[in-house]
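Numbering (the working numbering), first residue to last: -2 to 102.
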């Protein structure tokens, strides 16, 4: 089904004031249903930085987490099949944390 180009380009649905009001109402409904952080302005996202991470010892994994490893101050669950490397990863993260701070535990 092709999109209605009139709606996309603002030629349908009333004045700009009405569209803005409907947008604000929709955002308010989404926030009530999914929480305040569900819909945010792009400017708000730029100010928010991901938590610093404890390196895992695996550079590719650190890059994929978006924070450089396991996020500090957050609960992180390592899950996987038996012998998938969960304990090895936990030990590597612990070793990295101890390198940064001798009293990691």
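Quick reminder that beta carbons are idealized off the backbone N, C-alpha and C, glycines included.
- For residue 56, the uninterrupted alpha helix (DSSP H) run begins and ends at 56 to 62, by DSSP.
- Between residue 25 and residue 54, the CB-CB gap reaches or exceeds 9 angstroms.
- When the alpha-carbon of residue 57 is set against those of 50, 65, 70, the nearest one is in 65.
- Bridge pairing for residue 68: 50 [DSSP].
- If you draw a straight line from the Cα of residue 63 to the Cα of residue 85, it is about 21 angstroms long.
- DSSP, read as helix, strand or coil, puts residue 75 in coil.
- DSSP, read as helix, strand or coil, puts residue 33 in coil.
- When DSSP states are grouped into helix, strand and coil, residue 80 belongs to the coil group.
- In the structure shown, the three-state DSSP call for residue 16 is helix.
- In this structure, DSSP gives residue 26 a helical state, which the three-state scheme calls helix.
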